[in-house]
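Using the working numbering, the first residue of the sequence shown is number 92, and each one after it goes up by one. The block underneath contains the structure these notes are about, expressed in structure tokens.
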Amino acid sequence: MKTKASLTRTLFPLLMMFILILAIAASAFAGKQERPTGSFTEIEISSAFKVVLTQGNTEKLTLEGDDELLQKVITETRGNKLIIKLKDGTYNKSFKELTVYLTFKTLSKIELSGAVNLSGTNQMKFDNLELECSGATKINLNLNASKLDCDLSGASTLSLEGNVQVLDIDVSGASKVNAEDLVAKNCNIDCSGASYIAIHVTDKLRAEGSGASKISYKGNPSIVESDMSGASKMSKI
92 MKTKASLTRT LFPLLMMFIL ILAIAASAFA GKQERPTGSF TEIEISSAFK VVLTQGNTEK
152 LTLEGDDELL QKVITETRGN KLIIKLKDGT YNKSFKELTV YLTFKTLSKI ELSGAVNLSG
212 TNQMKFDNLE LECSGATKIN LNLNASKLDC DLSGASTLSL EGNVQVLDID VSGASKVNAE
272 DLVAKNCNID CSGASYIAIH VTDKLRAEGS GASKISYKGN PSIVESDMSG ASKMSKI
């Protein structure tokens, strides 16, 4: 028993030291970089990034993640568009998280593809905003806008809250739009495949659906126009 207790006392400090060394080694490979952006009003992001979006008084871009992967992240501004992607032939095989912290003044378009997950930190204001999503992308935003255009394909998911005057939604594949908390004055919908849309409309709703698409709506719009075919359906929540 004394030998076992002595062995435990000897091995425990060694085990704790080993765990500490592993933690230090792991942190050594995690890095943060600030990148220049120039002025931009559109963003295009592909691959597999977690994007934290903030509206502010200046543009700022910070990347955080594995040092080796950060060296393979391309950030460039072409005209008024900021592009963020991995170099061709680069794969995040270990699924290590790459985080993009992006501050913007104003945006007219957000284009995502791959497995990008984008969320906002504050309520954002736009004049006209276009959201284009494909692949398995996700967007979660709180916004106020005059006009919002949403184009989703693949298995994209869009979650919105706030207020908008005109909301146009074009959805296909197995994409989802969760916008019950986004109050839209007028809404136009075109959906197909196995897509799902939940919205809140106050004045006018026009919807066209096919395949097995489903539309659920809140509110009491005075005008409701629908053309649903196949197994598609629209219902009031």
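Beta carbons are placed, not taken as given, at the ideal position from N, Cα and C, and that holds for glycine. From a predicted model like this one, the values you see are computed outputs, not experimental measurements.
Contact between the region 263-271 and the region 238-245 is present, with at least three C-beta pairs closer than 8 angstroms. Segment contact: the region 161-178 against the region 225-233, fewer than three CB-CB distances shorter than 8 angstroms; contact not assigned. Across the structure, L249 and F140 are spaced so that their CA atoms are roughly 16 angstroms apart. Distance from L198 to L220 at the Cβ level is roughly 6 angstroms; contact confirmed, criterion being Cβ atoms closer than 8 angstroms. Residue pairing for T145: DSSP places it in a beta bridge opposite T194. As a beta-bridge residue in DSSP terms, I201 pairs with I134, L222.
Under the DSSP assignment, D158 falls in the alpha helix (DSSP H) whose first and last residues are 158-161. Residue state for I306 is assigned as strand, using DSSP reduced to three classes. Beta-bridge annotation (DSSP): S210 is paired with V143, N231. Cα atoms of K187 and K295: separation of roughly 45 angstroms, rounded to the nearest angstrom. The continuous beta strand (DSSP E) containing K267 extends over residues 267-282. Residue environment analysis places G211 among the buried positions, since at least 16 neighbouring C-beta atoms fall within 10 angstroms of its C-beta. For the pair S130 and L251, the Cα-to-Cα distance works out to about 26 angstroms.
Around the beta carbon of A270, 16 or more other beta carbons lie within 10 angstroms, which makes this residue buried.
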